[in-house]
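S.K.:
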Amino acid sequence: MMKAPISLLLALLAAAPLHAQTAAANSPVSKGEAKAIREFHMLDFNGDGKLSRAEVAIVPRLATAFDDADTNRDGYVTLEEVRAFAVKYRAERDRARAEAKAREGGSPP
Numbered sequence: 117m118m119k120a121p122i123s124l125l126l127a128l129l130a131a132a133p134l135h136a137q138t139a140a141a142n143s144p145v146s147k148g149e150a151k152a153i154r155e156f157h158m159l160d161f162n163g164d165g166k167l168s169r170a171e172v173a174i175v176p177r178l179a180t181a182f183d184d185a186d187t188n189r190d191g192y193v194t195l196e197e198v199r200a201f202a203v204k205y206r207a208e209r210d211r212a213r214a215e216a217k218a219r220e221g222g223s224p225p
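Those letters in the sequence shown? Residues 117 to 225, per this note's numbering, in order.
(1) Considering only the alpha carbon of each residue, which of 181, 154, 176 and 217 lies closest to residue 204?
(2) I need the DSSP call for residue 194, collapsed to helix, strand or coil.
(3) Cutting at 6 Å between CB atoms, please list the residues of its own chain near residue 186, excluding the five before and the five after it.
(4) Given this structure, state the Cα-to-Cα distance separating residue 169 from residue 221, to the nearest angstrom.
(5) Taking the straight line between their C-alpha atoms, what separation do you get for residue 159 and residue 201?
(6) Taking residue 191 as the reference, give the member of 154, 162, 167 and 150 with the closest Cα.
(7) So, at 7 Å on beta carbons, what are the nonlocal neighbours of residue 189 in its own chain, with the 5 sequence-adjacent residues on each side left out?
(8) If you compare alpha carbons, which of 144, 214, 208 and 196 is closest to residue 165?
(9) Would residue 149 be called buried (16 or more neighbouring beta carbons within 10 Å of its own) or exposed?
(10) Would you tell me roughly how many angstroms separate the C-alpha atoms of residue 218 and residue 178, rounded to the nearest one?
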């Protein structure tokens, strides 16, 4: 199960309405995703549209989640990979919350 590094990646996925509109013109962007988009662009120091390990090294929790987000294993994380990672994380988080709620209520998940 993914832990704290995911929350930072989600935060990465959450923040820049201007960039979000361009990056996701055909899909709605959540508040969290807009923030992540803004932070993605802030960390993309060389402006190549992808994050390298060196660019995320200044944020240890994000560096820890790098391999999970780098789905094509090319050594970089693109905005699309960050967005996909966030969707996966949110689904896992929602599932875990539903299971916990079901356990509290005594009914099976």
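Where a beta carbon is used, it is the ideal one built from N, C-alpha and C, also for glycine.
M.R.: Once the coordinates are examined:
(1) By one-based count along the sequence shown, residue 204 stands at place 88. Comparing Cα-Cα distances from residue 204 to each of 181, 154, 176 and 217, the minimum goes to 181.
(2) Mapped onto the sequence shown, residue 194 falls at position 78. It is a strand residue.
(3) For the purposes of this step, residue 186 is identified with residue 70 of the sequence shown, where counting begins at 1. Taking C-beta separations shorter than 6 Å and ignoring five residues to either side along the sequence, the partners of residue 186 in its chain run 193, following chain order.
(4) Along the sequence shown, one-based indexing puts residue 169 at 53. Along the sequence shown, one-based indexing puts residue 221 at 105. Straight-line Cα distance between these residues: approximately 43 Å.
(5) Residue mapping note: residue 159 aligns to position 43 of the sequence shown, counting from 1. Residue mapping note: residue 201 aligns to position 85 of the sequence shown, counting from 1. Computed Cα separation, rounded: 17 Å.
(6) Translated into positions along the sequence shown, residue 191 becomes position 75. In terms of CA proximity to residue 191, 167 leads the group 154, 162, 167 and 150.
(7) Sequence index remark: in the sequence shown, residue 189 carries index 73 (1-based). Around residue 189: no qualifying Cβ.
(8) Along the sequence shown, one-based indexing puts residue 165 at 49. The closest CA to that of residue 165, considering only 144, 214, 208 and 196, is found on 196.
(9) Numbered from its first residue, the sequence shown carries residue 149 at position 33. It counts as buried.
(10) Position 102 of the sequence shown holds residue 218. Position 62 of the sequence shown holds residue 178. The C-alpha of residue 218 lies about 31 Å from the C-alpha of residue 178.
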